[in-house]
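Q:
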Amino acid sequence: PRRPSPERTARRPRSAGGRRPKALVCYGRGPPMDRHAAIVLEFDTVKEALRRHCGSELSQACAEALQPSTDPDRLRRSLAQLDQARRLVDLAEKPPFRGLKDLAGRIEDARRKSRPLEPVELYDVANFLFGAEALREWFAARAADAPALNELAQKSLDHKPLREKLERCIEAPGDVRDEASPKLYELRRKLARLEIELRALMDEVVQSPRYRPHLMEKTWSLRNGRCVLAVKLEQRGHVGGVIHDKSAGGATVFVEPREAIGPANELAEARIDEQREIARIVIELTREVMLDAERLAKTQSVVGWLDFTFARAAFSREIDGMSPRFSDGMTVRLRRARHPVLAMKAAAGELGRPVEPLTIELGRDYRLLVITGPNTGGKTVVLKTLGLLQLMFQAGLHVPAADGTELPVFDDVYADIGDEQSLSQSLSTFSAHVRHVAAVLRAAGPRTLVLLDEVGAGTDPVEGAALGQAVLEKLRAASALGVVTTHLGQLKTYAFQHPEVE
3 PRRPSPERTA RRPRSAGGRR PKALVCYGRG PPMDRHAAIV LEFDTVKEAL
53 RRHCGSELSQ ACAEALQPST DPDRLRRSLA QLDQARRLVD LAEKPPFRGL
103 KDLAGRIEDA RRKSRPLEPV ELYDVANFLF GAEALREWFA ARAADAPALN
153 ELAQKSLDHK PLREKLERCI EAPGDVRDEA SPKLYELRRK LARLEIELRA
203 LMDEVVQSPR YRPHLMEKTW SLRNGRCVLA VKLEQRGHVG GVIHDKSAGG
253 ATVFVEPREA IGPANELAEA RIDEQREIAR IVIELTREVM LDAERLAKTQ
303 SVVGWLDFTF ARAAFSREID GMSPRFSDGM TVRLRRARHP VLAMKAAAGE
353 LGRPVEPLTI ELGRDYRLLV ITGPNTGGKT VVLKTLGLLQ LMFQAGLHVP
403 AADGTELPVF DDVYADIGDE QSLSQSLSTF SAHVRHVAAV LRAAGPRTLV
453 LLDEVGAGTD PVEGAALGQA VLEKLRAASA LGVVTTHLGQ LKTYAFQHPE
503 VE
């Protein structure tokens, strides 16, 4: 059926290199659910709160791409992982997450631009692989307490040969080690010897009676990578060599003495040879990483999801969340449920009073619930709490509720809440609601949850009541589960007249 809203793709954050990290698909989402419902139920507010617990760009990408799933099996696996992570968090046990960066994105960027990885990027790869090995060992030691997490952790692949080669060649913060190759080792020994000899020569030149009277300073310095003397401008003719710079006032010139030119050239050539050998080593290491890129991406996906799972666990602890039971049928049971935003505010001491919990049941004795009551009585909060907790559950998150809470896996959740007016389409608030409700009714079915706020409001009460009753009839005929709020007496009468409506 046609969805009420075509907008279904979530934006993802860009990494430091300007590229968006790929969504880490360790837990599939199935067909996308209605984006409009996620907007009006403020699912993004939950995602934003979840992102605050994410410690890396990998888990941030997971949080940004998170959407409700319609796959019960994947949801069960995801929630089993979350349950075990929450137990570990409650015991103050935290996995040794280390080096979590979007390496797959950097490798792909290098491949696309046909460039070698920078030494600092190679160091990041080595650091990440060391962290992945440490994670596998950490979870293996806790396999009895967290079997689902350990099973996932062991899916990160073994890259020990690549890691050992990178660690042998690259050190923090991204320098190539002397031991990266025998040639580089010898070149650096030669460089050290040439530098010592050149420094000794310049010390002799500065102290030489031949040069001392003509110098502005009794020491030598570097200009453009060459060793120079600060010579008085008028004494320039007494000091043979090459001028490399001049002072701002022009009274001093910086001269490379003739005696130092040959040794300095030899040192410069050795440095060029060193850079060429470093470039060769970096290209060789890049080739090794590229050959392992597909396996690296898989390991990154696993490790990123593990990090995100512990972010979910920290968020669960913040809202005092729990894992609902999966409903065998299409029955909704919320026990002492709280809106997550209110739960967060209460936990932070910002409310000044406890959150009034909600207990509600739907789908067993009746499929439609009509809620009435005065303005500011909490009717809309009921709709939003029910809808948002359902989306959280189907996104693999714990919900702030009590034991006995039971939720099904809906094919979709639809909501029409609050004022909407489309100026671009010249629609009034009432017309916009009618258009959206019509789209919802076309899509509603036995495996959908429909939430409608103030159905039939915004027009003549008699006409609005007739329209609201027609909406309820349509939902009842479609066997959808639904909750609607209203002030209209005719809809209250309708609810009393039909046993499947409460």
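Take any residue in the sequence shown, note its place counting from 1, add 2, and you have its number in our numbering. Just so it is clear, CB atoms sit at the ideal spot from N, CA and C, and this is done for glycine as well.
Pull up the DSSP beta-bridge partners for residue 234, would you.
A: 254
Q: Residue 427: buried (16+ other C-beta within 10 angstroms of its C-beta) or exposed?
A: Any reading at residue 427 must be qualified, since the residue scores a pLDDT of 42, below 50, and its modelled position is unreliable; the value itself is stated next. Residue 427 should be labelled exposed.
Q: Residue 493: which of 464, 269, 479, 480 sits nearest, CA to CA?
A: 464
Q: Buried or exposed: which applies to residue 210, given that a residue is buried once 16 or more other Cβ atoms fall within 10 Å of its Cβ?
A: exposed
Q: On the three-pair Cβ rule with 8 Å, is the segment 75 to 94 touching the segment 310 to 317?
A: Output reads yes: the segment 310 to 317 touches the segment 75 to 94.
Q: Are there 16 or more other CB atoms within 10 angstroms of the CB of residue 233, so buried, or fewer, so exposed?
A: buried
Q: Just the Cα atoms here: how many angstroms apart are residue 174 and residue 124?
A: 10 Å
Q: Between 136, 373, 417, which lies nearest to residue 393 when the distance is taken from Cα to Cα?
A: 417
Q: Out of 375, 325, 376, which has the shortest C-alpha to C-alpha gap to residue 82?
A: 325
Q: Does the distance from the CB of residue 411 to the CB of residue 34 come in under 7 Å?
A: Not a contact, by the Cβ cut-off of 7 Å.
Q: Thinking C-beta only, is residue 407 closer than 7 Å to residue 336?
A: Note that the C-beta distance between residue 336 and residue 407 is below 7 Å.
Q: Would you decide whether residue 386 is buried or exposed? Buried here means 16 or more other CB atoms lie within 10 Å of its CB.
A: By the Cβ-count criterion, residue 386 is buried, with 16 or more other Cβ atoms from all chains shown falling within 10 Å of its own Cβ.
Q: Less than 8 Å between C-beta atoms, sequence neighbours within five positions excluded: which residues of the same chain meet that for residue 478?
A: 369, 370, 500, 502, 503
Q: My assumption, with CB atoms under 8 Å, is that residue 72 sits in contact with residue 413. Please give the rounded CB distance.
A: 6 Å
Q: Just tell me which of 288, 198, 235 has its CA closest to the CA of residue 251.
A: 235
Q: Below 7 Å CB to CB, which residues in the same chain sit around residue 490 once its five sequence neighbours on both sides are set aside?
A: 458, 463, 466, 467, 470
Q: Quick one: is residue 495 buried, meaning 16 or more other Cβ sit within 10 Å of its Cβ, or exposed?
A: Counting Cβ neighbours within 10 Å, residue 495 comes out exposed, since fewer than 16 surround it.
Q: Taking three-plus beta-carbon pairs below 8 Å as touching, is the segment 61 to 70 in contact with the segment 37 to 52?
A: yes
Q: Indicate whether residue 176 and residue 118 have their beta-carbon atoms separated by less than 7 Å.
A: no
Q: At the level of alpha carbons, what is the spacing between residue 487 and residue 48?
A: 24 Å
Q: Return the residue from the list 452, 93, 498 that minimises the CA-CA distance to residue 480.
A: 452
Q: Three or more beta-carbon pairs under 8 Å between the segment 132 to 147 and the segment 157 to 175, yes or no?
A: yes
Q: Where does residue 419 sit, in a helix, a strand or coil, going by DSSP?
A: coil
Q: Tell me, to the nearest whole angstrom, how far the beta carbon of residue 259 is from that of residue 241; I am working on the premise that it is less than 8 Å.
A: 7 Å
Q: Report yes if the C-beta distance between residue 168 and residue 106 is below 7 Å; otherwise report no.
A: no
Q: What is the C-beta distance between residue 154 and residue 390, in whole angstroms, given that I count them as a contact (C-beta under 8 Å)?
A: Not confirmed; about 27 Å, so no contact.
Q: Give the DSSP-derived three-state secondary structure of residue 494 in the structure shown.
A: helix
Q: According to DSSP, residue 223 sits in a beta bridge with which residue or residues?
A: Its beta-bridge partners are 230.
Q: Buried or exposed, going by whether 16 or more other CB atoms sit within 10 Å of the CB of residue 423?
A: Low confidence applies to residue 423: its pLDDT is 38, below 50, so where it sits in the model is not reliable, and the reading given next is rough at best. Result: exposed.
Q: May I ask you to report which of helix, strand or coil DSSP gives residue 93?
A: coil
Q: Rounded to whole angstroms, what is the Cα-Cα separation between residue 29 and residue 437?
A: Because residue 29 sits at a pLDDT of 45, beneath the cut-off of 50, its placement in the model cannot be relied upon, and the following sentence gives the value as read from the coordinates. C-alpha separation (whole angstroms): 34 Å.
Q: As a quick exercise: from 98, 97, 382, 280, pick the residue whose alpha carbon is nearest that of residue 186.
A: 280
Q: Would you mind sorting residue 375 into buried or exposed? The rule is 16 or more other CB atoms within 10 Å of its CB.
A: Its Cβ having fewer than 16 others within 10 Å, residue 375 is exposed.
Q: Report yes if the CB atom of residue 402 is closer than 7 Å to the CB atom of residue 321, and no otherwise.
A: yes
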